[in-house]
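Student: Read in order, the letters of the sequence shown correspond to residues 8 to 364 in the working numbering.
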Amino acid sequence: MKKNNDENTNILSIKNDVLQAIHGANSASELNKIYNAYLGKNGVLRNLLRSIGDIPAEKRPGYAKEIHNVIAAIENSLRDKEGVFLENNIQTTDKGLDITMPGIKIKNGHLHPLTLIERRIEHIFSSLGFGVVEGPEVEDEWHNFDALNIPKNHPARDMWDTFWLRSKQKISNSKKQIPSPRLLLRTHTSPVQIRYMEMHEPPFRIIVPGKVYRFEATDASHELQFNQVEGLMVGKDISVANFKYIIGVFFERFFGTKINVRLRASYFPFTEPSFEVDINCLFCSGKGCSTCGHSGWLEMGGAGMVHSEVFNAVKYDLKLVQGFAFGFGLERFAMMKYRIPDIRLFNSGDIRLSQQF
Ligand SMILES: [Zn+2]
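Structural data, given as structure tokens:
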């Protein structure tokens with residue numbers, strides 16, 4: 008019994024010593040020293056707990072409880088004192104306050120060049136009254152191909168090398184199992200046109216920025232994943248003239264200089280007539296240089312009047328609506344505007360690319 012009393016007296020005196028030391032501490036580092044000396048891995052109280060086997064078994068529970076109470080009291084006291092230091096941090100740091108010290112500079116991040124380009128394009132088209140619309144990157148076959156006048160076995164499907172997704176999921180129906188539609192990573196942003204027209208009636212004007220995927224070999228100008236911006240304007244008498252005007256205004260605002268636009272006849276399944284959209288070469292002002300292949304023109308994207316089969320797919324009345332659609336690659340815009348030589352740099356994860364913008 009006497010031994011037990013001695014032990015308890017010992018613990019209590021340790022407790023008093025520690026609490027006094029905490030009370031007198033002048034800095035966080037002093038508190039840290041106290042913590043290590045008593046509560047740390049080889050601290051006094053940890054060692055007492057470890058040596059508990061040396062006392063008679065029946066006294067161990069009471070003794071251990073006493074030690075744990077002291078540990079809790081010390082932890083509380085340390086926490087309170089730390090709180091005081093935090094509140095008065097400036098006055099109580101070891102070095103004191105030096106108001107002439109330079110502040111800590113916060114490092115700003117940089118936006119990726121594709122983000123900058125996308126925001127710029129969205130800003131310009133918004134100012135021309137276009138809404139910005141987004142859609143899913145995993146698409147079904149109907150929205151990506153069929154509704155855009157690219158039926159199965161149509162040779163135009165060969166224009167897009169596609170990532171098909173394997174799906175075992177069936178859409179269940181009370182009577183029979185309907186196979187779910189074949190899914191793919193969208194090969195263009197055009198399916199969003201279909202999704203938008205299914206839900207809205209003309210007139211409207213929208214752009215659709217987003218990622219698209221093609222299964223192809225990568226090189227300096229081809230990537231598996233890239234970004235497009237798609238445009239669609241539909242109304243009662245929207246014409247090619249409207250398109251040429253709007254796209255001209257867009258290019259001039261985007262590049263900040265006078266731009267000549269040229270439309271060249273082309274083929275896309277979902278537009279008729281279809282055009283390639285060229286602008287005069289920005290590097291040689293149309294005189295001819297290596298960038299433009301000495302033609303004086305740069306190809307920027309495709310466009311055309313929306314094909315009647317596309318309007319049929321969304322059940323629009325062909326007598327009441329017509330419109331134009333266009334599509335551009337964001338990477339191409341970024342490469343031209345910032346003179347980035349290789350498309351693979353965009354997804355390289357190399358932070359030095361973004362740091363330049
Ligand atoms: Zn040129």
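Heads up, the beta-carbon is just placed ideally off N, CA and C, and yes, glycines get one too.
For ligand 2, I want to know if L270 counts as a neighbour, meaning its beta carbon is within less than 8 Å of at least one of the ligand's heavy atoms.
Tutor: No copy of ligand 2 appears in this structure; the ligands present are ligand 1.
Student: Is any heavy atom of ligand 1 found at a distance shorter than 8 Å from the C-beta of G238?
Tutor: Stepping through the sequence shown from its first residue, residue 238 is reached at position 231. Every heavy atom of ligand 1 is 8 Å or more from the Cβ of G238, so no.
Student: Alpha carbon to alpha carbon, how far is T298 from M206?
Tutor: Translated into positions along the sequence shown, residue 298 becomes position 291. Translated into positions along the sequence shown, residue 206 becomes position 199. Computed Cα separation, rounded: 42 Å.
Student: With a Cβ-Cβ cutoff of 9 Å, do E129 and I214 count as a contact?
Tutor: Position 122 of the sequence shown, counted from the first residue, corresponds to residue 129. Position 207 of the sequence shown, counted from the first residue, corresponds to residue 214. Yes. Within cutoff.
Student: Tell me whether G336 is buried or exposed, calling it buried when 16 or more other Cβ atoms sit within 10 Å of its Cβ.
Tutor: For the purposes of this step, residue 336 is identified with residue 329 of the sequence shown, where counting begins at 1. Its Cβ being crowded by 16 or more others within 10 Å, G336 is buried.
Student: Assuming S273 is part of the beta strand (DSSP E), what are its boundary residues?
Tutor: Taking the first residue of the sequence shown as position 1, residue 273 is located at position 266. Taken as a continuous stretch (DSSP letters only), the beta strand (DSSP E) holding S273 covers 268-275.
Student: Should L172 be listed as close to ligand 1, given that the test is whether its C-beta is under 8 Å from any heavy atom?
Tutor: Residue 172 sits at position 165 when you count from the first residue of the sequence shown. Not so, every heavy atom of ligand 1 lies at least 8 Å from the Cβ.
Student: With 16 other CB atoms within 10 Å as the buried threshold, where does P198 fall?
Tutor: Reading the sequence shown from its first residue, position 191 is the one you call residue 198. It counts as buried.
Student: Y42 and V140 look like a contact to me (Cβ under 8 Å); what is the Cβ gap, rounded to whole Å?
Tutor: Position 35 of the sequence shown, counting from 1, holds the residue named residue 42. Position 133 of the sequence shown, counting from 1, holds the residue named residue 140. Between V140 and Y42 the Cβ distance is about 58 Å, and since that is not below 8 Å, they are no contact.
Student: Nearest-angstrom Cα distance between V247 and I113?
Tutor: For the purposes of this step, residue 247 is taken as residue 240 along the sequence shown, with counting starting at 1. For the purposes of this step, residue 113 is taken as residue 106 along the sequence shown, with counting starting at 1. Using only the alpha carbons, I get a separation of about 50 Å.
Student: Kindly examine ligand 1 and report whether one of its heavy atoms sits closer than 8 Å to the Cβ of T298.
Tutor: Here residue 298 refers to the residue found at position 291 when the sequence shown is read from its first residue. Within the cutoff, so yes.
Student: First and last residue of the beta strand (DSSP E) that includes M307?
Tutor: As a working note, residue 307 is residue 300 in the sequence shown. That run of the beta strand (DSSP E) goes 304-313.
Student: What would DSSP say about N354, mapped onto helix, strand or coil?
Tutor: Mapped onto the sequence shown, residue 354 falls at position 347. Three-state result, N354: coil.
Student: Quick one: Cα of S281 to Cα of A320, how far?
Tutor: Residue 281 sits at position 274 when you count from the first residue of the sequence shown. Residue 320 sits at position 313 when you count from the first residue of the sequence shown. Using only the alpha carbons, I get a separation of about 19 Å.
Student: Could you pull out every unbroken beta strand (DSSP E) segment of at least 3 residues lying fully inside the region 197-237, listed in chain order?
Tutor: You should have 211-220.
Student: Which residue marks the beginning of the alpha helix (DSSP H) containing F282, and which one marks its end?
Tutor: On the sequence shown, residue 282 is found 275 positions in, with the first residue counted as 1. That residue, F282, is in no alpha helix (DSSP H); its beta strand (DSSP E) goes 278-287.
Student: Where are the alpha helix (DSSP H) runs, 4 residues long or more, that stay fully inside the region 71-141, in chain order?
Tutor: Runs found: 96-99, 120-134.
Student: For E37, which of helix, strand or coil comes out of DSSP?
Tutor: As a working mapping, residue 37 is identified with position 30 in the sequence shown. E37: helix per DSSP, three-state reduction.
Student: Consult DSSP for I24 and reduce its assignment to one of helix, strand or coil.
Tutor: As a position in the sequence shown, residue 24 is number 17, starting the count at 1. Looking at the sequence shown, residue 24 is not Ile but Asp. DSSP places D24 in helix when its eight states are reduced to three.
Student: From the DSSP output, in three-state form, read off V321 for me.
Tutor: For the purposes of this step, residue 321 is identified with residue 314 of the sequence shown, where counting begins at 1. Of the three classes helix, strand and coil, the one that applies to V321 here is coil, per DSSP.
Student: Taking its Cβ as the centre, do 16 or more other Cβ atoms sit within 10 Å of K22, making it buried, or is it exposed?
Tutor: As a working mapping, residue 22 is identified with position 15 in the sequence shown. Buried: at least 16 other Cβ atoms inside 10 Å.
Student: For ligand 1, any of its heavy atoms closer than 8 Å to the Cβ of L305?
Tutor: As a first step, residue 305 is located in the sequence shown; it is residue number 298 there, counting from the start. Indeed, a heavy atom of ligand 1 lies less than 8 Å from the Cβ.
Student: Assign N180 to buried or exposed, taking buried as 16 or more other Cβ atoms, counted over all protein chains shown, within 10 Å of its Cβ.
Tutor: Along the sequence shown, read from residue 1 onward, the residue named residue 180 stands at position 173. Only weak support is given to the placement of N180: the predicted model assigns it a pLDDT of 48, under 50, and the value that follows is read from those uncertain coordinates. When all chains shown are included, N180 counts as exposed.
Student: Please report the residue range of the alpha helix (DSSP H) in which E338 lies.
Tutor: Along the sequence shown, one-based indexing puts residue 338 at 331. Where E338 is concerned, the enclosing alpha helix (DSSP H) stretches over 337-345.
Student: Give a yes or no on whether the C-beta atoms belonging to E279 and E306 are separated by under 9 Å.
Tutor: In the sequence shown, counting from the first residue as 1, residue 279 sits at position 272. In the sequence shown, counting from the first residue as 1, residue 306 sits at position 299. No, Cβ-Cβ distance for E279 and E306 is not below 9 Å.
Student: Using the beta-carbon count (16 or more within 10 Å), is F250 buried or exposed?
Tutor: Counting from one through the sequence shown, the residue named residue 250 turns up at place 243. The residue is buried, with at least 16 neighbouring Cβ atoms inside 10 Å.
Student: Return the first residue and the last residue of the alpha helix (DSSP H) that L56 is part of.
Tutor: On the sequence shown, position 49 is the one that residue 56 refers to. Segment 51-57, the alpha helix (DSSP H) holding L56.
Student: Report the residue from V51, P63, P68 whose alpha carbon sits nearest the alpha carbon of S20.
Tutor: Within the sequence shown, residue 20 is the residue found at index 13, counting from 1. The candidate whose alpha carbon is nearest that of S20 is V51.
Student: DSSP has A32 in a bridge; who is on the other side?
Tutor: Residue numbering aside, residue 32 sits at position 25 when the sequence shown is read from its first letter. Paired residue(s): none; A32 is not in a bridge.
Student: Could you tell me whether the Cβ atoms of G138 and G242 are closer together than 9 Å?
Tutor: For the purposes of this step, residue 138 is identified with residue 131 of the sequence shown, where counting begins at 1. For the purposes of this step, residue 242 is identified with residue 235 of the sequence shown, where counting begins at 1. No, the pair does not count as a contact, with Cβ atoms beyond the cut-off.
Student: Does the beta-carbon distance from D147 to R189 come in below 9 Å?
Tutor: Taking the first residue of the sequence shown as position 1, residue 147 is located at position 140. Taking the first residue of the sequence shown as position 1, residue 189 is located at position 182. Yes, these two residues count as a Cβ contact at 9 Å.
Student: Examine ligand 1 and report whether any of its heavy atoms sits within less than 8 Å of the Cβ of K294.
Tutor: Within the sequence shown, residue 294 is the residue found at index 287, counting from 1. True, at least one ligand heavy atom lies under 8 Å from that Cβ.
Student: Just to confirm before moving on: does the CB-CB distance between Q232 and N354 stay below 9 Å?
Tutor: Numbered from 1 along the sequence shown, position 225 holds the residue referred to as residue 232. Numbered from 1 along the sequence shown, position 347 holds the residue referred to as residue 354. It is a contact, given that the beta carbons lie within the stated cut-off.
Student: Got a sec? Which residues, its chain only, sit under 7 Å from H117 by beta carbon, not counting five neighbours each side?
Tutor: Your numbering for residue 117 matches position 110 in the sequence shown. Answer for H117: S361, Q362, F364, listed in chain order.
Student: I'd like to check one pair, F277 with L352: are the Cβ atoms closer than 9 Å?
Tutor: Taking the first residue of the sequence shown as position 1, residue 352 is located at position 345. Taking the first residue of the sequence shown as position 1, residue 277 is located at position 270. Contact: no.
Student: Using only alpha-carbon positions, find the residue among A341, H119, S58 that is nearest to G356.
Tutor: One-based indexing of the sequence shown puts residue 356 at position 349. It is H119 whose Cα lies nearest to the Cα of G356.
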